[in-house]
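**Q**
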Amino acid sequence: MQDHLPISVTRVAHSRIGEVDFNHLPFGVEFTDHIFTADYKNGSWHDFRIEPLKPLSVHPGNMAWHYGQAIFEGMKAVLNPQGEPLLFRPDKHIERLNNSALRMSMPPFPKEFFIQGLKMFVELEKHWIPKGEDSALYLRPLMIATDTHVGVRPSQTYKLIVMALPVGPYYSKPLNVLVQTKYIRAVEGGVGYAKTAGNYGAAMYPTRLAKEKGYDQIVWMEPKEFRYVQEAGTMNIFFRLKDRIVTPMLTGAILPGITRDSIIHVLRDMGHTVIEQKVDINELLAAYKRGELIEAFGSGTAAMVANIYNMRFEDFDMRFDESNWELSLELKRAITNIRNGKTEDKWGWTMSTTGALEAVVASNIQ
Ligand code: COI
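For the sequence shown, position 67 (counting from the first letter as 1) is numbered 66 according to numbering that gives the first Met the number 0, and the numbering increases by one without interruption.
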């Protein structure tokens with residue numbers, strides 16, 4: 000990678016950091032001082048810059064609002080024991096962002112600018128990284144169409160914006176989930192594997208209905224038969240059976256979670272058998288009734304590893320006893336410790352941001 004990619008840095012005159020209560024960080028509320036951003040026009044990305052965060056002025060005819068060309072990512076940065084910021088698997092995130100872009104007929108973002116821009120951005124915002132075990136600096140890359148145009152066609156201009164938010168846990172307690180047997184999230188051939196805004200918008204109504212009945216999330220099923228499990232709202236899903244761990248295989252209708260992939264690597268490395276397969280809800284229920292379904296948990300960047308204490312399927316509650324949550328807790332610890340550099344990073348997943356701003360020519364920093 001080039002050392003001096005042209006990414007400019009303009010700092011805020013006064014940081015807001017003193018206004019933030021780092022002992023109370025609900026997810027998604029506080030934003031740092033700056034963003035990393037770039038614009039696409041005339042067939043290429045340009046104006047890569049880190050600048051103060053401020054509201055955008057957007058024309059009501061903005062195409063992203065009308066036709067949904069909006070994709071995003073979720074990433075986390077934490078501090079290692081030496082106080083250096085670490086990014087987690089940024090190469091996988093840009094790969095997924097660009098797969099989402101392709102599916103939504105949006106332009107790919109150059110990987111080297113994504114990684115270098117993130118390193119510089121996180122290095123600049125490192126004082127915002129919370130120190131608590133369950134906390135992190137959440138990074139939200141977003142790409143949106145920016146043409147002002149009414150009529151369905153791909154936009155010719157786009158904006159990439161990476162925001163950063165100091166956050167605590169996304170789910171602060173174990174989850175009660177409902178297996179959905181009426182609405183669907185995604186079908187094969189659709190956009191289920193893309194991290195596009197519409198997937199989340201479409202999930203809101205069924206999720207609201209489930210919440211009104213006391214559930215925290217929905218377990219989405221494959222359409223028509225409602226027999227095979229897909230994912231759980233904001234997360235992929237894993238089930239620990241007596242002798243193996245199963246998770247739905249990536250069919251194209253499921254988000255290819257980067258935490259999901261990391262968990263599969265770590266579990267196999269711990270000696271567990273992990274099978275990616277079609278997960279039949281009737282077989283899960285039968286295993287539960289035989290006492291062979293022991294743990295269920297969700298995984299995601301925001302959610303990390305989220306325990307499920309109850310999973311409702313039709314008129315049956317599968318309850319998961321907290322005293323059996325050994326594996327999920329061990330796993331959470333293992334992933335946390337790789338992310339924060341406390342254990343060996345044998346797969347080379349973490350990337351330090353140290354020195355990233357020194358690579359910028361001094362005249363480039365205002
Ligand atoms: C994430 O896990 O980072 C997500 O993007 C899920 C959610 C917060 C929308």
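Positions of the beta carbon are idealized from the N, C-alpha and C atoms, including for glycine. Owing to the predicted nature of the structure, the values given are computational and were not obtained by experimental measurement.
Looking only at C-alpha atoms, which of Y157, W348, R152 sits nearest to I143?
**A** The option with the nearest alpha carbon to I143 is Y157.
**Q** Are G60 and T147 close, meaning C-beta to C-beta below 8 Å?
**A** Yes.
**Q** Going by the C-beta, is Y169 closer than 7 Å to any heavy atom of ligand 1?
**A** Yes, ligand 1 has a heavy atom inside 7 Å of this Cβ.
**Q** Use the C-beta contact count for Q276: other C-beta atoms within 10 angstroms, 16 or more gives buried, fewer gives exposed.
**A** Looking at its Cβ environment, which holds fewer than 16 other Cβ atoms inside 10 Å, Q276 is exposed.
**Q** Indicate, with yes or no, if ligand 1 has a heavy atom lying under 7 Å from the CB of T300.
**A** Yes, since a heavy atom of ligand 1 falls inside the 7 Å radius drawn around the Cβ of T300.
**Q** What did DSSP end up calling P165 once you bin it into helix, strand or coil?
**A** Three-state DSSP puts P165 in a strand.
**Q** Are the beta-carbon atoms belonging to L240 and E291 less than 8 Å from one another?
**A** Result yes, Cβ atoms of L240 and E291 sit closer than 8 Å.
**Q** Report the three-state DSSP secondary structure of H33 (helix, strand or coil).
**A** Correct three-state label for H33: strand.
**Q** Is the region 208-224 touching the region 262-273, taking contact as three or more C-beta pairs under 8 Å?
**A** Cβ pair count under 8 Å is below three, so no.
**Q** Which runs of the beta strand (DSSP E) spanning at least 3 residues fall entirely within the region 43-67, listed in chain order?
**A** For the region 43-67, whole beta strand (DSSP E) runs of length 3 or above, ordered along the chain, are 43-51.
**Q** At 3 residues or longer, what runs of the beta strand (DSSP E) sit wholly inside the region 299-326?
**A** Runs found: 303-312, 315-318.
**Q** Name the one or two DSSP bridge partners that E294 has.
**A** Looking at the DSSP assignment, E294 forms a beta bridge with R239.
**Q** Quick one: what's got a C-beta closer than 6 Å to P153's C-beta in the same chain, skipping five residues either side?
**A** S104.
**Q** Would DSSP call M0 helix, strand or coil?
**A** Here M0 scores only 44 on pLDDT, less than 50, and its place in the model should not be relied on; the value that follows carries that caveat. M0: coil per DSSP, three-state reduction.
**Q** May I ask you to list the residues that DSSP assigns as paired with I160?
**A** T36, L141.
**Q** Could you tell me the distance, in whole angstroms, from the CA atom of Q155 to the CA atom of I307?
**A** Going by the C-alpha atoms only, they are around 43 Å apart.
**Q** Span of the beta strand (DSSP E) holding F71?
**A** From DSSP, the beta strand (DSSP E) with F71 extends over 69-71.
**Q** Can you tell me where the beta strand (DSSP E) with K75 in it begins and where it stops?
**A** Per DSSP, K75 belongs to the beta strand (DSSP E) from 74-78.
**Q** So, with DSSP's three-state summary, where would you put M103?
**A** Reduced to three states, the DSSP call for M103 is coil.
**Q** Return yes when the C-beta of G17 is under 7 Å from any heavy atom of ligand 1, and no when it is not.
**A** No, ligand 1 has no heavy atom inside 7 Å of this Cβ.
**Q** Do A302 and Y170 have their C-beta atoms closer together than 8 Å?
**A** In contact: A302 and Y170 (Cβ atoms closer than 8 Å).
**Q** Is the CB-CB distance between T272 and D314 below 8 Å?
**A** It is not a contact, given that the beta carbons lie outside the stated cut-off.
**Q** Answer yes or no: do P84 and I128 have a C-beta to C-beta separation smaller than 8 Å?
**A** Contact: yes.
**Q** Looking at C-beta atoms only, is the number of pairs between the region 178-192 and the region 218-233 that lie closer than 8 Å three or more?
**A** Taking 8 Å as the limit for Cβ pairs, the verdict is that the region 218-233 does touch the region 178-192.
**Q** Excluding sequence positions up to five away, which residues of its chain have a Cβ less than 6 Å from the Cβ of F26?
**A** Around F26: V166, Y169.
**Q** Please state the DSSP three-state secondary structure of N175.
**A** If DSSP states are grouped into helix, strand and coil, N175 belongs with the strands.
**Q** Compare the beta carbon distance of I70 and K223 with 8 Å and say whether it is the shorter of the two.
**A** Contact flag unset, no.
**Q** Nearest to N97 by alpha carbon, out of L117, E72, L86?
**A** The shortest Cα separation from N97 among L117, E72, L86 belongs to E72.
**Q** I'd like to know whether the C-beta atoms of L136 and V121 end up nearer to each other than 8 Å.
**A** Yes, Cβ-Cβ distance for L136 and V121 is below 8 Å.
**Q** According to DSSP, simplified to helix, strand and coil, what is A231?
**A** Strand at A231.
**Q** Quick one: what's E275 bridged to in DSSP?
**A** DSSP output for E275 lists T246 as bridge partner(s).
**Q** When you compare only the Cα positions, how much space is there between G82 and T335?
**A** So the two alpha carbons sit approximately 15 Å from each other.
**Q** Contact check, S322 vs V304 under 8 Å by CB: the rounded distance?
**A** Not really, about 17 Å apart at Cβ, beyond 8 Å.
**Q** Quick check: does the Cβ of Y199 come within less than 7 Å of any heavy atom belonging to ligand 1?
**A** Yes, the Cβ of Y199 comes within 7 Å of a heavy atom of ligand 1.
**Q** Just curious, the beta strand (DSSP E) that L283 is in, first and last residue?
**A** Run containing L283: none in the beta strand (DSSP E); it sits in the alpha helix (DSSP H), 280-288.
**Q** Excluding the 5 residues preceding and the 5 following H45 in the sequence, name in chain order all residues of the same chain whose CB lies nearer than 8 Å to its CB.
**A** Cβ within range, chain order: A37, D38, Y39.
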